[in-house]
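The structure appears right after this line, and notes come after that.
There are 2 protein chains.
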Amino acid sequence: MAGEVETNMTPTEEMNGSGSGHLMDFLDEPFPDVATYEDFHTIDWLREKSRDTDRHRKITSKSKESVWEFVKSLLDAWSGWVVMLLIGLLSGTLAAVIDLAVDWMTDLKEGVCLSAFWYSHEQCCWTSNETTFDDRDKCPQWQRWSELMMGHTQGAGAYLLNYSLYIIWALFFSSLAVSLVRVFAPYACGSGIPEIKTILSGFIIRGYLGKWTLLIKTVTLVLAVSSGLSLGKEGPLVHVACCCGNLFCSLFSKYSKNEGKRREVLSAAAAAGVSVAFGAPIGGVLFSLEEVSYYFPLKTLWRSFFAALVAAFTLRSINPFGNSRLVLFYVEYHTPWYMAELVPFILLGVFGGLWGTLFIRGNIAWCRRRKTTQLGKYPALEVMAVTGITAILAFPNPYTRRSTSELISELFNDCGALESSQLCDYVNDPNMTRPADDIPDRPAGPGVYTALWQLALALIFKIIITIFTFGIKIPSGLFIPSMAVGAIAGRIVGIAVEQMSYHHHDWIIFKNWCRPGADCVTPGLYAMVGAAACLGGVTRMTVSLVVIMFELTGGLEYIVPLMAAAVTSKWVADAFGKEGIYEAHIQLNGYPFLDVKDEFTHRTLATDVMRPRCGEPPLAVLTQDSTTVEDVEALIKDTDYNGFPVVVSRESERLIGFVQRRDLTLAIKNARQKQDGVVSISMVHFTEEPPQLPADSPQPLKLRRILNLSPFTVTDHTPMETVVDIFRKLGLRQCLVTRSGRLLGIITKKDVLRHMAQMMNQDPESIMFN
Amino acid sequence: MAGEVETNMTPTEEMNGSGSGHLMDFLDEPFPDVATYEDFHTIDWLREKSRDTDRHRKITSKSKESVWEFVKSLLDAWSGWVVMLLIGLLSGTLAAVIDLAVDWMTDLKEGVCLSAFWYSHEQCCWTSNETTFDDRDKCPQWQRWSELMMGHTQGAGAYLLNYSLYIIWALFFSSLAVSLVRVFAPYACGSGIPEIKTILSGFIIRGYLGKWTLLIKTVTLVLAVSSGLSLGKEGPLVHVACCCGNLFCSLFSKYSKNEGKRREVLSAAAAAGVSVAFGAPIGGVLFSLEEVSYYFPLKTLWRSFFAALVAAFTLRSINPFGNSRLVLFYVEYHTPWYMAELVPFILLGVFGGLWGTLFIRGNIAWCRRRKTTQLGKYPALEVMAVTGITAILAFPNPYTRRSTSELISELFNDCGALESSQLCDYVNDPNMTRPADDIPDRPAGPGVYTALWQLALALIFKIIITIFTFGIKIPSGLFIPSMAVGAIAGRIVGIAVEQMSYHHHDWIIFKNWCRPGADCVTPGLYAMVGAAACLGGVTRMTVSLVVIMFELTGGLEYIVPLMAAAVTSKWVADAFGKEGIYEAHIQLNGYPFLDVKDEFTHRTLATDVMRPRCGEPPLAVLTQDSTTVEDVEALIKDTDYNGFPVVVSRESERLIGFVQRRDLTLAIKNARQKQDGVVSISMVHFTEEPPQLPADSPQPLKLRRILNLSPFTVTDHTPMETVVDIFRKLGLRQCLVTRSGRLLGIITKKDVLRHMAQMMNQDPESIMFN
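Heads up: the sequence lines are chains A and Z, in that order.
In this text, residue positions in the first sequence follow full-length UniProt numbering: the first is 1, and each later residue adds one.
In this text, residue positions in the second sequence follow full-length UniProt numbering: the first is 1, and each later residue adds one.
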């Protein structure tokens with residue numbers, strides 16, 4: 001039977017639509033067990049949806065037959081929630097494991113815990129019970145490498161030993177990561193979000209969300225983050241969560257056999273991924289909705305929210321950091337902000353926009369270079385080189401030596417009384433009696449000035465190294481590095497404004513703004529605003545970004561500064577180019593992604609885009625009752641289109657349907673094997689009744705069963721903006737073009753994307769897949 | 001010119017599609033100033049979108065011509081943000097004004113402030129500076145009516161005086177409200193959300209969002225809420241915010257002249273409305289997304305969020321309650337919840353679902369009765385009767401006498417040390433030294449038992465009266481009454497569980513759960529969970545409900561109980577009927593609303609739905625070059641379809657386009673007046689070239705300009721689920737049905753809705769409009 005066997009078709013370079021449709025008389029037959037799409041092809045959303053409706057209809061009608069069937073139908077209805085629960089549990093657990101492992105291995109670069117080598121610095125000192133809030137290096141159980149090997153931590157020798165061991169560990173971790181990726185799961189590299197966006201829009205990449213990718217990505221993510229590279233775990237966590245989603249899809253045929261339904265689960269999994277990455281379930285759902293998902297029905301919204309919550313609570317129950325905080329960077333500020341502060345906030349927004357532009361341009365240029373030159377042939381070497389340079393440059397500066405999330409955490413923090421950080425080294429003014437827990441509006445001490453220099457150097461270092469890091473062949477996210485860039489810049493600006501307001505408190509602006517003796521400026525808030533601006537500039541997230549930040553601070557108080565910075569950053573960055581980093585990478589890779597956010601505003605018509613163009617050979621069509629088996633086989637052999645329109649006759653060119661190449665091949669093969677009298681000169685007919693044939697002609701072959709009688713058509717005068725809209729909203733793969741009922745041509749998704757690229761003065765050949 | 005003059009067409013009972021299309025050669029002409037849609041018709045989303053793209057294209061190309069044009073293009077690009085800002089400011093201000101007025105007028109029913117009669121009870125006592133946390137009635141400036149008139153508040157006489165004045169004020173307020181609504185703005189009645197949902201889906205109701213409606217709805221909302229009826233201001237506030245949105249749309253031709261763009265603004269305005277109603281901006285955006293909006297592009301998400309935030313901050317800046325709280329019911333609980341408590345929470349969810357079902361069925365039955373019987377002819381009498389009954393029954397019970405939001409606020413509250421409420425009358429156990437600010441796990445005092453009885457009576461009263469109140473001809477929301485029902489039930493359950501855990505602390509379940517001496521149960525949390533469950537049962541909101549509740553409590557801690565209750569309530573209610581109250585009212589009114597959430601799962605085909613059916617006269621069509629002016633005029637006169645397909649010839653039936661009735665009428669009228677030689681027997685042609693005519697025939701009339709060359713077509717074999725999907729996602733008004741290029745029939749939105757109603761065993765005639 002057609003569709004029951006998976007053939008080994010060679011992937012075709014040029015495709016001409018395929019597999020649309022609602023084979024109404026085909027529905028009673030079982031669907032093939034394997035997915036019906038080729039690798040690197042796009043699914044037909046309408047078809048998937050209609051298949052699911054059929055499945056649902058069958059279950060509903062069966063459920064009335066017996067109690068067992070009724071129970072089965074209930075199980076089917078609940079399977080969505082079960083999958084969400086499992087995704088939440090697994091991705092929460094994996095996030096906790098990753099956190100614990102990263103914590104331990106990051107500290108391993110500096111030293112080891114004597115009481116138990118599997119303890120991180122914090123756990124080691126925490127269990128030793130001797131120091132609590134004291135200095136980091138005063139915990140006796142924790143020994144730096146120099147202490148362990150040379151017995152002391154002072155002097156150039158000890159420093160050099162620590163320095164070289166730091167570099168060696170970093171190189172070891174990253175080389176292990178790149179080898180694992182290369183050998184076991186090449187898809188585990190990168191952030192994964194561009195590919196997930198494309199997959200969610202209906203593209204098939206086999207194995208991208210497979211078990212191996214899940215395993216290797218989890219392991220190598222730990223290694224990559226621990227190696228001290230300028231990358232984060234947030235993007236890859238979304239990939240990991242989507243792999244979990246895909247894994248649990250295979251438990252239920254409802255999801256494993258329907259690519260459309262599977263994508264609903266993956267959307268929710270993406271939400272769970274962001275939820276555990278930041279501890280922000282609502283932000284995660286909005287991220288999935290705004291940034292990642294293509295088709296997001298409201299049912300999915302509710303389930304995504306469920307998955308995101310379960311994931312967040314699982315992570316909190318495991319409690320990897322021992323502080324039972326849900327969010328990654330929990331902050332609490334005590335000072336309100338003032339209207340005048342909006343000026344530096346907006347300036348930070350401008351900085352974020354510029355950084356976003358610089359990063360996207362630089363990173364894409366570098367990635368293109370990697371793709372096109374010799375560079376791309378030695379990924380392991382590249383990873384080692386980047387790791388080496390990062391480690392060499394990072395170690396001397398205390399702000400780059402530690403893990404990036406710790407750095408961000410410190411930069412976000414308000415200086416409290418218990419804070420021992422260099423950044424909080426303010427000179428105490430003995431003349432003023434101030435509450436102990438706030439220190440702004442005091443002159444900065446030498447520590448703050450040292451910190452400023454170190455932060456400035458760290459900023460330059462992070463800006464440059466991140467451009468070269470994102471895209472190397474290990475898992476790498478850019479949320480954390482982007483936020484770090486913004487947080488450093490923000491903190492510097494914050495301290496500057498704070499010191500200005502202290503030293504020039506007689507200026508008219510500060511006079512109105514700061515009452516003497518009261519707090520004015522919270523440098524930590526500037527760091528947070530800067531982080532939001534830079535993240536916004538790179539990803540062009542808006543609502544989800546603000547909501548994630550809102551969940552981090554837990555109050556609506558600071559949402560206006562965050563919004564002001566996010567919106568400025570987006571506008572500035574958009575002025576230089578509409579694409580966020582993910583869209584830029586999608587385009588670089590030539591994925592067939594039809595962005596919902598792009599507006600198509602050109603005045604072209606369907607007739608300008610359809611194939612065949614003027615001068616090209618006519619469209620390959622079948623006739624409803626005047627083609628022989630031989631002719632069909634020749635057509636299949638000579639062309640590599642994915643499907644063929646069926647017309648009444650070549651003269652009238654009146655369209656009656658569309659038939660898939662795959663179905664045609666299988667049907668003829670089956671008929672030749674099983675059906676008597678089917679020979680090369682047998683007539684093929686797609687009509688209900690066999691055609692009138694001479695008496696001596698062989699038995700005709702009826703193929704109406706595989707004919708899609710409802711192909712999608714537009715007229716040749718349809719504006720392309722409508723066609724693009726139809727492709728986007730209905731998720732079509734191809735569309736036939738007619739004029740007064742006559743078939744003129746065909747438009748595939750690839751044609752649409754190429755036309756859009758052309759209209760934007762980009763290379764239409766950059767679209768690689770259909 | 002066609003389209004420049006608005007004709008007085010009589011509304012037609014039966015319509016046959018109209019006004020689709022992209023008149024490509026028509027675009028250079030100015031669009032008519034008045035909206036091009038009739039009242040009670042549905043817009044064509046594709047057409048609106050394409051019109052906006054054209055407008056945008058024109059502005060972009062002009063902006064390169066001069067500096068002034070460039071500035072104009074910038075203004076145009078910014079106008080969206082300006083509109084959002086204005087909406088936020090105005091709806092925030094209106095919400096504050098409504099709050100203040102309601103506060104004053106509600107108190108006016110009980111007494112008056114001697115120092116300034118325009119002060120509410122709270123303001124009066126607050127300014128008198130004599131009492132702060134003391135009993136409500138101990139403020140000397142505030143006098144109850146009996147005190148003012150008789151000099152004392154004790155005794156039956158005083159009680160009766162207060163009672164009758166309470167009723168008189170209530171009757172006065174509600175009669176004023178109903179008269180204002182009847183005389184000035186009949187659309188100001190009801191909650192408005194069903195109509196706004198329909199309007200956002202593309203329906204036109206002239207004046208529903210007009211200035212008069214805005215004014216009268218604001219005033220009458222205050223009167224209605226103050227009259228003590230069992231209704232809330234939340235739904236009407238959404239209507240008020242949408243009126244603001246519509247008002248500001250008229251400032252910018254971008255929005256006022258494009259019904260599609262206007263709906264983007266209205267979606268954002270709805271978010272702003274919920275934002276000020278609850279002080280929950282994120283919840284507001286999600287409410288708009290989940291519940292109200294039909295077409296919600298991501299650009300709108302960001303703008304909605306902006307509008308919602310501006311509105312919330314405006315409200316907070318005005319600070320009507322003097323407590324600078326953003327949220328309506330701010331609560332803070334100090335006790336965690338225990339897993340075992342999920343059982344009562346889920347029971348509350350079941351209660352919520354049952355209440356939702358009871359309410360929807362009862363209310364719809366009553367509203368249908370009102371529509372079909374004499375009852376509907378005396379709306380003012382009905383309002384007076386309901387007000388009278390409410391006031392008579394409400395006054396004796398302290399929990400129904402006060403305003404419903406105050407009641408909910410008290411029920412949500414945790415009993416603190418300063419709480420003087422009857423609900424917190426617990427017996428202090430002298431043997432235990434407990435912190436002062438928590439009281440659970442003490443035996444209930446007599447006050448609590450009295451309160452329980454009164455609450456039980458209030459619950460029964462609220463359940464019954466709300467069913468009859470929602471739908472009377474004054475502004476009435478049901479969020480607050482629904483929440484009140486749930487909060488009362490929840491508090492009762494909460495107190496019961498609490499007392500059980502106190503009196504039976506040796507039961508195994510309580511033993512594991514409550515450590516002796518520690519708090520166990522927070523009855524306020526039960527009230528909140530109950531409120532969420534009941535609101536969910538009535539409206540079927542899910543994510544937005546949980547997020548609104550999350551914003552009220554400000555912590556993720558209690559999200560699991562809320563989710564458990566919300567999801568249970570939705571499942572229970574869905575088991576009795578899929579429709580929420582808003583969808584039920586939409587259906588009752590016969591609005592053409594194609595719900596995005598409904599799944600169409602039947603196996604019908606386009607051919608089963610299209611007109612003409614078997615036996616009906618053939619479809620009224622025009623031919624491209626063989627119709628005379630006379631024929632066209634006769635066709636327009638004889639039929640009342642909104643448009644006509646144009647075919648090559650009646651024999652071939654090959655479709656070439658679609659022409660609107662309106663355009664046809666105007667074009668012929670204009671031609672007859674202005675164009676020489678056009679007489680009744682002139683040929684009308686839709687082709688580029690005039691047809692070959694005999695030499696003596698009059699000059700033909702070319703109408704290609706008004707022909708839509710890209711009508712939407714499907715084949716007769718297309719499954720209806722696909723057709724429904726296309727109508728939903730593309731926002732079509734009609735779709736032509738073809739088979740092998742031949743025109744067979746037409747499907748309008750009304751046909752689709754009628755078919756869906758029929759498939760669900762509902763009366764297809766209930767769909768009134770197209």
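In this text, a Cβ means the ideal position worked out from N, Cα and C, and glycines have one as well.
| Item | Value |
| --- | --- |
| Short Cβ contact (8 Å threshold) for A:Phe644 with A:Pro711 | no |
| Near the ligand COA: Z:Met549 beta-carbon under 7 Å from a heavy atom | With respect to small molecules bound, the structure shown includes none, and the ligand COA cannot be examined in it. |
| Neighbouring residues, chain A, relative to Z:Leu342 (Cβ below 7 Å) | Correct list: empty, because the minimum Cβ distance to chain A is about 13 Å. |
| Simplified DSSP assignment, three categories, for Z:Asn708 | strand |
| Inter-stretch contact at 8 Å, needing at least 3 Cβ pairs: the segment 237-256 of chain A / the segment 74-82 of chain A | yes |
| Min CB distance Z:Arg742 to chain A below 8 Å | yes |
| Cβ-Cβ distance between Z:Tyr333 and Z:Asp414 below 8 Å | yes |
| A:Ser766 at chain Z interface by Cβ criterion, 8 Å | no |
| CB of A:Ser649 within 8 Å of CB of A:Thr623, strictly | yes |
| Same chain, Cβ closer than 8 Å to Z:Val331, neighbours up to 5 away in sequence not counted | Phe412, Asn413, Asp414, Gly524, Met528, Leu552, Thr553 |
| Short CB-CB distance (under 8 Å) between A:Trp302 and chain Z | yes |
| Segments assigned alpha helix (DSSP H), at least 4 residues, entirely inside the segment 173-199 of chain Z | none |
| Given A:Gly677 as reference, the closest of A:Pro690, A:Thr153, A:Gln699 once Cα atoms are compared | A:Gln699 |
| Per DSSP, the bridge partner or partners of Z:Thr42 | Z:Phe203 |
| Beta-carbon gap between Z:Ala177 and Z:Ala224 smaller than 8 Å | yes |
| Buried or exposed (CB count within 10 angstroms, at least 16 for buried), Z:Ser18 | Residue confidence is low: Z:Ser18 scores 37 on pLDDT, short of 50, so the model does not pin down where it sits. No coordinate-derived value is stated. |
| Per-residue contacts from Z:Phe345 into chain A (C-beta, under 9 Å) | By Cβ distance, chain A contributes nothing, its closest Cβ being about 15 Å from Z:Phe345, past 9 Å. |
| 9 Å Cβ cut-off: residues of chain A touching Z:Thr542 | Leu298, Leu301, Trp302, Phe305 |
| Three-way DSSP call (helix, strand, coil) for Z:Lys254 in this model | helix |
| Within chain Z, the residues that A:Ile726 reaches when beta carbons sit closer than 8 Å | Leu730 |
| A:Asp28 at chain Z interface by Cβ criterion, 8 Å | Because A:Asp28 carries a pLDDT of 37, less than 50, the predicted location of this residue cannot be relied on, and no value is offered for it. |
| Contact residues within the UniProt domain "CBS" (610-674) of chain Z, judged by C-beta distance below 9 Å to chain A | Gln624, Val647, Val648, Ser652, Glu653, Arg654, Leu655, Ile656, Gly657 |
| Beta-carbon proximity check, Z:Pro281 vs Z:Phe296, cutoff 8 Å | no |
| Cutoff 8 Å; reference Z:Gly339; Cβ partners in own chain excluding five residues on either side | The sequence given here places Met at residue 339 of chain Z; Gly does not occur at that position. Around Z:Met339: no qualifying Cβ. |
| Pairwise C-alpha distance: Z:Gly192 and Z:Leu358 | 21 Å |
| Close Cβ partners of Z:Leu455 (< 7 Å) along its chain, the five nearest in sequence each way excluded | Tyr399, Ile488, Arg491, Ile492 |
| Backbone secondary structure at Z:Met683 - three-state DSSP | strand |
| Secondary structure of residue 777 of chain A, DSSP reduced to three states | Past the boundaries of the shown model lies residue 777 of chain A; chain A is included only from 1 to 770, so the question cannot be answered. |
| In DSSP terms, what A:Tyr426 is bridged to | A:Ala444 |
| First through last residue of the alpha helix (DSSP H) which encompasses A:Gln499 | 479-503 |
| Whole-number beta carbon distance between Z:Ser766 and Z:Gly590, since they are thought to touch under 8 Å | 5 Å |
| Close beta carbons around A:Ser146, own chain, < 6 Å, minus the five adjacent residues each side | Thr153, Ala158, Leu161, Asn162 |
| Touch test, the segment 741-760 of chain A against the segment 57-75 of chain A, Cβ-Cβ under 8 Å, three pairs minimum | no |
| Same chain, Cβ closer than 6 Å to A:Glu40, five either side skipped, listed in chain order | Going by the sequence as given, residue 40 of chain A is Phe instead of Glu. Phe769. |
| Boundaries of the beta strand (DSSP E) in which Z:Arg603 is found, first to last residue | Per DSSP, Z:Arg603 belongs to no beta strand (DSSP E) and is neither H nor E. |
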